[in-house]
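Working notes for the structure below.
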Amino acid sequence: MIRYSLGRHKVMATLTTTEPREQKKIKAEPRPKKPNHTAGFKELIHWFTPEGFREDFLQKRLGISESLLQTIERSLHPKKKIHFSAYTGWLITFLFAMECISGVFLMIYYHPTVAEAFENVRYITNIVPYGWLIRGVHFWGSHLMIGLTFLHLLQTFIRGGYKPPREVTWISGVVLLILTLAFGLTGYLLPWNQISYWASTVVTEVPMAFPYIGHYLKVIARGGENVSQVTLTRFFTMHVTVLPALTTFFLVVHFLPIRNYLIPKDLITHAIAILLCFALLISLATLSPAPIHEKADPYHTPKRVKAEWYFLAGQEVLELAGNLEFLGSWAPKLLGVLFQMAIIALLFLIPFIDRNPARNPKKRPLAIALISLGFVCFIFLTLLAKFR
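Numbering (the working numbering), first residue to last: 995 to 1382.
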């Protein structure tokens, strides 16, 4: 019995030890963390510190690279003096942007039709709130843009900015000058007043100087024999679609070889120059509003039709060429047009004609003398046509 009991107990003990009861382990759930309500506020405050603004906001949030930030820092603290021609280039870009913005506002009320164009301009000027200001900004902005483009081209030539490796920059600048003049030509007709109508008539008559093909060129420009609704539609389309697209493209081409990130070397001074230009633009628009004139009358020709100031020199060349009638009936006008086309071609070819590697104006007396003579002739012809 004892053995049995002991054996039984032993067996029971063995069974108890070999098959222990499984105990479920219960893991304690972690306590939820208390929300930190001040973390977002601290991060916002960190953005306003120099390191936080640079690393956390500019680099992480906006994805601006370190090299671009270094370029901006160099522009804020330039090591050398910046030439004035650099400012005129950025002022031209600013004025182009202002022309686009003000032009969009004008398009809201303007309809390019012979029946409505003049009335729309008068409505914008007299009825629309601040319409006179927007139109004045657009009007004077075009004049400043053309004038600064001439000045910028002259400055670039004097500094030798057309020499290698800046040939593409110079050629694109000449193209931008032509596009800027095309803006003035196409936009001049849009008010459909007496002066703009007959000035456009005179300008579109210039292709008639070419024998055989002159008539076809005139019809292509006007859309017919006379300046009409088709002409207004074509000029408006060129002014608001084709020319802005081409100008934007050539601005990019013009700036890329000069600035790696399109950031001026003296950012603060450039910003001040742009603010002063904007103040001048507002002052001109306020003190000398854009004129309205009389509605276009195709049956009443003015005594003498004068183009805008930037076309007066070319108009005077054609007038002077008219004195060469002894060469034939068609020769005078053709020579006047070919002379102006030769000047434009010369501007394109300057980088390949002038092989003098020097950029200092003192070491380029012939080039400086020629450009000075051309500038004086341009001013003289403009004044002669203005007061004729």
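The beta carbon of each residue, even a glycine, is placed where N, CA and C say it ideally should be.
I'd like to confirm the pairing. Which residues does DSSP put opposite residue i in its beta bridges?
i	result
residue 1187	1289
Beta carbon of residue i, beta carbon of residue j: below 7 Å?
i	j	result
residue 1290	residue 1134	no
residue 1344	residue 1156	yes
residue 1188	residue 1288	yes
residue 1216	residue 1225	yes
residue 1230	residue 1106	yes
residue 1168	residue 1374	no
residue 1142	residue 1082	yes
residue 1119	residue 1266	no
residue 1203	residue 1300	no
residue 1130	residue 1251	no
residue 1378	residue 1310	yes
residue 1264	residue 1126	no
residue 1138	residue 1089	yes
residue 1355	residue 1362	yes
residue 1121	residue 1178	no
residue 1170	residue 1244	yes
residue 1223	residue 1108	yes
Going by DSSP in three states, residue i sits in which element: helix, strand or coil?
i	result
residue 1156	coil
residue 1130	helix
residue 1266	helix
residue 1250	coil
residue 1110	coil
residue 1324	coil
residue 1142	helix
residue 1104	coil
residue 1391	Residue 1391 lies beyond the residue range present for the chain, which begins at 995 and ends at 1382; the question has no answer from this structure.
residue 1207	coil
residue 1137	helix
residue 1294	coil
residue 1359	helix
residue 1282	coil
residue 1218	coil
residue 1168	helix
residue 998	Interpretation of residue 998 is limited by its pLDDT of 48, a score under 50 that renders its predicted location unreliable; no figure is taken from the coordinates.
residue 1255	Its pLDDT being 45, under 50, residue 1255 is placed unreliably in this model, and the coordinates cannot settle the point.
residue 1228	helix
residue 1242	helix
residue 1380	helix
residue 1212	helix
residue 1368	helix
residue 1178	helix
residue 1301	coil
residue 1374	helix
residue 1124	coil
Determine the closest residue to residue i out of the options, with distance taken between C-alpha atoms.
i	options	result
residue 1201	1335, 1320 and 1302	1335
residue 1292	1132, 1090 and 1192	1192
residue 1163	1372, 1179 and 1246	1246
residue 1104	1094, 1096, 1208 and 1115	1115
residue 1174	1122, 1212, 1194 and 1242	1242
residue 1096	1279, 1263, 1332 and 1197	1279
residue 1235	1181, 1087, 1359 and 1263	1181
residue 1198	1128, 1205 and 1218	1218
residue 1144	1378, 1380, 1377 and 1365	1365
residue 1101	1352, 1128 and 1286	1128
residue 1209	1091, 1324, 1329 and 1333	1324
residue 1176	1318, 1329 and 1233	1233
residue 1098	1108, 1238, 1205 and 1172	1238
residue 1184	1158, 1357 and 1113	1113
residue 1302	1206, 1190, 1152 and 1158	1190
residue 1152	1381, 1360 and 1376	1360
residue 1298	1381, 1260, 1317 and 1206	1381
residue 1372	1358, 1337 and 1277	1337
residue 1322	1268, 1376, 1205 and 1091	1205
Just checking my contact of residue i with residue j at CB under 8 Å: how many whole Å lie between their CB atoms?
i	j	result
residue 1136	residue 1248	About 19 Å; that fails the 8 Å criterion.
residue 1161	residue 1132	Between residue 1132 and residue 1161 the Cβ distance is about 34 Å, and since that is not below 8 Å, they are no contact.
residue 1315	residue 1330	3 Å
residue 1146	residue 1086	6 Å
residue 1353	residue 1154	3 Å
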